[in-house]
Every structure is written in structure tokens, then in C-alpha cells.
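A quick write-up on the structure given underneath.
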Amino acid sequence: MSEYCFEGKLWQSAANQAAMSSFAALEEAYKKQTVLEGICYMCDAMQNLHVRLGEYEGIIERNEGALGAESGQIKDIAFISKVGKPVQFVISQIPRKGEEGCLQLSRKAVQQRCRQEYIAALRAGDVIPVKVTHLERFGAFVDIGAGINSLIPIDMLSVSRIAHPSQRVSEGEQLHCAVRSKAGGKITLSLRELLGTWEENAARFEAGQTVKGIVRSVESYGIFIELTPNLAGLAEYSEAVEPSQAVSVYIKSIIPEKMKIKLSLIDVLEQAEKAPLQRFFTGKHMDYWRYSPEICSKRIETIFED
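To convert a position in the sequence shown, counted from 1, into this note's numbering, add 877.
Rendered as C-alpha cells:
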């Protein structure tokens, strides 16, 4: 397993705490260039990040704060937003025992190693752990290792369509995603392939049940209601509902050959809390994923190719 992970995963680990337990332990971490993690408690006026390492203090100078910092590619918000959050680093310089001064730290060095030793080896179809860092209307940005961000486009968050990524994931949430592509050295991720096929999701329901759902769109010919992130059904048109409302629906029929679920709207409910995502695929790599049933003429699939 790679030593590289998203920021926030190492902070409370026994190994990380032990490495900051004494000056001798910090010296050992410095010699071995061990990746450590601490909470940034201040970003000063020069955008240097200040971190406490047990009883000691460390500083990540702006140019060592991230890849691209020296060339001006990184905006100030990338440093300001780290206050109160865990950051990864290696110790680049340590004062002699008994001497005054901060430990010099480098986050950029960890990101360089992460790119060379971990990210460069990733292939399309690899399933990796990530942490959601922030949301935009077009997708969710996630930390794939050492604070390096990649994007999950909004249409890759699930098969069921959503208006905003916040309807599917939250900042700080930990997920597993599949590497969709590495075009131009940029990694794009996808979540929907891990959330189950049509048949896997439909197997959780049967005709005659009344269940909860979320209205995703209201069309002139009917209402699309999400039963799970990768499964939606169609109910008759009604003026009583709006997108994002929670509803109860009666399942009239489930038709695999047409990939359809027919619903009847029963009631509008108070907005339910977002249910945890259920991950169906738990492997480390997938070459191919077919969402649609074999007996369905419509084919929805993903072919993972570098």
C-alpha cells in the first residue's frame, strides 16, 4: 500500500503521534524524511503556514506550501484556507537540540514524491481513496494524496442526475473513486461506477412497496424520482412537487428489459437527511462496467482506457 494519502488521514495515527512525541523522534523523522501531518494553526501575512509538532513549532514557507507556489500558479486562498486543517509535510531543516528556532517543513516535497511515486503509477480504472475538499456547480474537487486535487465532474457523481454536487457529497467526506482518465497528465475521477448497476440497485426494491425518494426533475410527461443515487423511476406529472423535495412513492412495476421503474406519488415529506452512499464495487481496479441489464437493448457502460 502506498504511504501517500489524502490530508487528514495521518494526523491521529499512532505513528504520526509518536514521531512528534520528542525531539529525538523528530530528528529520526527528519533523517528518514518521514511524511508527517499536523494542524496548521496560522497563516501569516506572507502566507507561511505555521504548524505545531507536539511541543515544537514548524513553519512551511509559502514557496514550500504547494507545487506551483514558486511560479505563482497557486492562489492565496490555497494557503489561507489551510488554517485549522491538517497538512502533510516532511522536515527539511531542524535546529540542534537546545537551540532556538522553528523546524523548517516542506509540503511541496511530499506532493512531489506523491506525484512521482503514487499518482504517476495510477491507471484508468484504479479505485483510490479520496477526500472531498470543495464543491463547485460543475463537480466535486477531492484530495487524492498530499493535498493534490482532482475533479469528479457532476455527471460522474451518479447515474441519477443532480443539480449540484452538494446533493450527492459533502466537503470533508471520504470516498472511493475510480480513475476515469489521465488525459494531459490531469486525473479525472468517477464515483458512479462504484454505486452499483441498475440491477444491483433495483434488487433492493419490489413492486407493491411504498418507499422514500427524492424528486430530481419535473417534466411535462412525468416526475423523475431518485430511489438511490444510481436508480430513478418515473411517476405521473403533478404540480404539487418541486426538484429536491422528499416524497413517498408506491412502486407499480419494475421492468429490467426497459430499465424502467413505474411509480405513483403518494405524499410530499419533510426533507430527509442525505443517506450515506452505498458502495457496491469494493475491488481495487475495474476495466469495464455496464450499468444497464444484459436483457436491455439500451447500453450504458464505461470502458476504462488509459
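We put the CB at the ideal spot given by N, CA and C, even for glycine.
Residue i versus residue j: straight-line alpha-carbon distance, rounded
i	j	result
Met-897	Gly-1049	25 Å
Gly-1163	Ile-1180	Position check: residue 1163 holds Met in this sequence, whereas Gly was assumed. Using only the alpha carbons, I get a separation of about 9 Å.
Glu-1134	Gly-1160	28 Å
Ile-1100	Lys-962	42 Å
Glu-909	Asn-1026	In the sequence as presented, Glu is not what sits at residue 909; that position holds Lys. Going by the C-alpha atoms only, they are around 26 Å apart.
Ala-998	Glu-1103	36 Å
Gln-1086	Glu-1182	40 Å
Gly-885	Val-1007	11 Å
Tyr-891	Val-987	The sequence as given places Ala at residue 891; Tyr does not occur at that position. In a straight line, the C-alpha of Ala-891 is about 20 Å away from that of Val-987.
Gly-925	Phe-883	Per the sequence shown, the amino acid found at residue 925 is Asn instead of Gly. Distance between the alpha carbons of Asn-925 and Phe-883: 21 Å.
Ser-1037	Ala-906	47 Å
Val-1088	Phe-1158	24 Å
Ala-922	Lys-985	19 Å
Trp-1075	Ile-1132	11 Å
Ile-1172	Ser-1115	32 Å
Contacting residues, own chain, Cβ-Cβ under 8 Å from residue i (five flanking each side not counted)
i	result
Gly-935	Gly-915, His-927, Val-928, Arg-929, Phe-966, Ile-968, Cys-979, Leu-980, Gln-981, Leu-982
Glu-1178	Tyr-1165, Trp-1166, Arg-1167, Tyr-1168, Ser-1169
Glu-1013	Pro-1042
Glu-947	Asn-940
Ala-1117	Leu-1142, Val-1145
Gly-1016	Leu-1028, Ile-1029, Pro-1030, Ile-1031, Met-1033, Leu-1034, Pro-1042
Contacts around residue i, its chain only, beta-carbon distance under 7 Å, and the 5 residues preceding and following it disregarded
i	result
Lys-1175	Met-1136, Ser-1169
Ala-1001	Val-1056, Arg-1057, Ser-1058, Lys-1059, Phe-1181, Glu-1182, Asp-1183
Gln-894	none
Gly-1090	Ile-1102, Glu-1103, Leu-1104, Val-1124, Val-1126
Phe-1082	Val-1088, Leu-1104, Ile-1128, Ile-1131
6 Å Cβ shell around residue i - same chain, five flanking residues per side excluded
i	result
Pro-972	Gly-978
Ser-888	Per the sequence shown, residue 888 should be read as Trp rather than Ser. Only Glu-914, Pro-963 meet the Cβ criterion.
Gly-1024	Glu-884
Pro-1106	Ser-1035, Ser-1037, Leu-1072
Gln-970	Gln-981
Cβ separation of residue i and residue j, assumed to be a contact under 8 Å, to the nearest whole Å
i	j	result
Val-1095	Ser-1121	The Cβ separation is near 11 Å, so there is no contact.
Ser-1054	Leu-1072	A small correction: the amino acid at residue 1054 is Cys; Ser does not occupy that position in the sequence shown. With a Cβ gap of about 11 Å, Cys-1054 and Leu-1072 do not count as contacting.
Lys-959	Cys-920	6 Å
Ile-957	Ile-996	Contact doesn't hold; Cβ gap of about 25 Å is too wide.
Val-1046	Val-1009	5 Å
Three-pair Cβ contact test at 8 Å for the segment 1113-1130 versus the segment 1054-1067: Flag = no, the segment 1113-1130 and the segment 1054-1067 do not touch.
Would you list, in sequence order, the uninterrupted beta strand (DSSP E) runs of no fewer than 3 residues that lie entirely inside the segment 1054-1081? With a minimum length of 3 residues, the continuous beta strand (DSSP E) runs that stay inside the segment 1054-1081 are 1065-1067.
Return the chain-ordered ranges of every alpha helix (DSSP H) run that is complete within the segment 942-999 and spans a minimum of 4 residues. The segment 942-999 contains these whole alpha helix (DSSP H) runs: 954-957, 984-994.
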